[in-house]
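Q: Going by our numbering, the sequence shown opens with residue 28, and the numbers climb by one from there.
Heads up, the beta-carbon is just placed ideally off N, CA and C, and yes, glycines get one too.
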Amino acid sequence: MGEARNAAYDMFDADAASRNLGIELVSAAEGAAEARMRVTGAMVNGHAIAHGGYVFLLADTAFALACNSHGPVTVAAGGEITFIRPAREGDLLIARATERTRYGRSGIYDVTVTRADGEVVAEFRGRSRTVNGQPG
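Pasting the structure below:
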C-alpha cells in the first residue's frame with residue numbers, strides 16, 4: 028500500500044461479502060482503485076466459466092473503493108457490465124476502477140476486469156451518489 032489509508036480501506040474492512048469471496052483490496056486513492064479475486068470452483072456456472080454475478084461483484088467492489096476513496100459515504104446509483112470473454116476456475120481477476128467525472132453528489136466510474144495475463148474479461152460502468160451519513 029503506497030498511498031495513505033483512506034475511507035475506502037475502512038469501508039472494505041467492514042465489507043464481509045467481498046472479503047468472504049476472497050476479494051483483496053490492492054489500492055484505493057484519489058478516485059481510483061484496484062481489487063483482485065481468484066475464481067474458485069464454487070464460482071463457475073454450468074458452462075465451466077465464471078458466473079457473471081461474481082465478475083460483476085468484483086467490478087462493483089472496485090467501483091465502491093474508488094468512489095469512497097474521497098471520504099464521504101458514497102453508494103451505487105446504478106451499474107452495468109459488458110462481458111467480453113470468459114474467466115475460468117483458477118483465473119486471477121483484477122478490477123481497475125477509474126473516476127471519469129464527479130459533479131455535486133454524483134459520479135461516473137469505469138472499471139476494467141482483466142485476467143492476470145491482461146486479457147479483458149469485462150467492462151463495467153458505475154454511477155455513484157454521495158449520501159449524508161450512513162446509507163439507507
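Just to check my reading of the structure: A55 and A35 have Cβ atoms closer than 8 Å, yes? What is that Cβ distance to the nearest angstrom?
A: Here residue 55 corresponds to residue number 28 of the sequence shown, with the count starting at 1. Here residue 35 corresponds to residue number 8 of the sequence shown, with the count starting at 1. Indeed, because the Cβ distance is near 4 Å, the residues count as touching under 8 Å.
Q: How should T67 be labelled, buried or exposed, when 16 other C-beta atoms within 10 angstroms of its C-beta is the threshold for buried?
A: The count along the sequence shown starts at 1 and reaches residue 67 at position 40. Exposed, because fewer than 16 other Cβ atoms sit within 10 Å of the Cβ of T67.
Q: Span of the alpha helix (DSSP H) holding T88?
A: Taking the sequence shown and counting its residues from 1, the one referred to as residue 88 is at position 61. Residues G79 to N95.
Q: Pick helix, strand or coil for A103, following the three-state DSSP scheme.
A: Here residue 103 refers to the residue found at position 76 when the sequence shown is read from its first residue. In the structure shown, A103 sits in a strand (DSSP, three-state: E or B).
Q: The beta strand (DSSP E) spanning D118 covers which residue range?
A: Working through the sequence shown from its first residue, we reach residue 118 at position 91. Run containing D118: none; DSSP gives neither H nor E here.
Q: Give me whichever residues DSSP pairs with G31 in a beta bridge.
A: Walking along the sequence shown from the start, residue 31 turns up at place 4. Per the sequence shown, the amino acid found at residue 31 is Ala instead of Gly. Note: A31 sits in no beta bridge, so no partner.
Q: With DSSP run on the structure shown, which of helix, strand or coil describes A114?
A: In the sequence shown, the residue the question calls residue 114 occupies position 87. The answer is coil: DSSP assigns A114 none of H, G, I, E or B.
Q: Where does D42 fall in DSSP's three states?
A: Sequence index remark: in the sequence shown, residue 42 carries index 15 (1-based). It is coil, neither helix nor strand.
Q: By Cβ distance, which residues of its chain are closer than 8 Å to A44, with the 5 residues on each side in sequence left out?
A: The residue you call residue 44 lines up with position 17 of the sequence shown. Once the five neighbours on either side are set aside, the close Cβ partners of A44 are L84.
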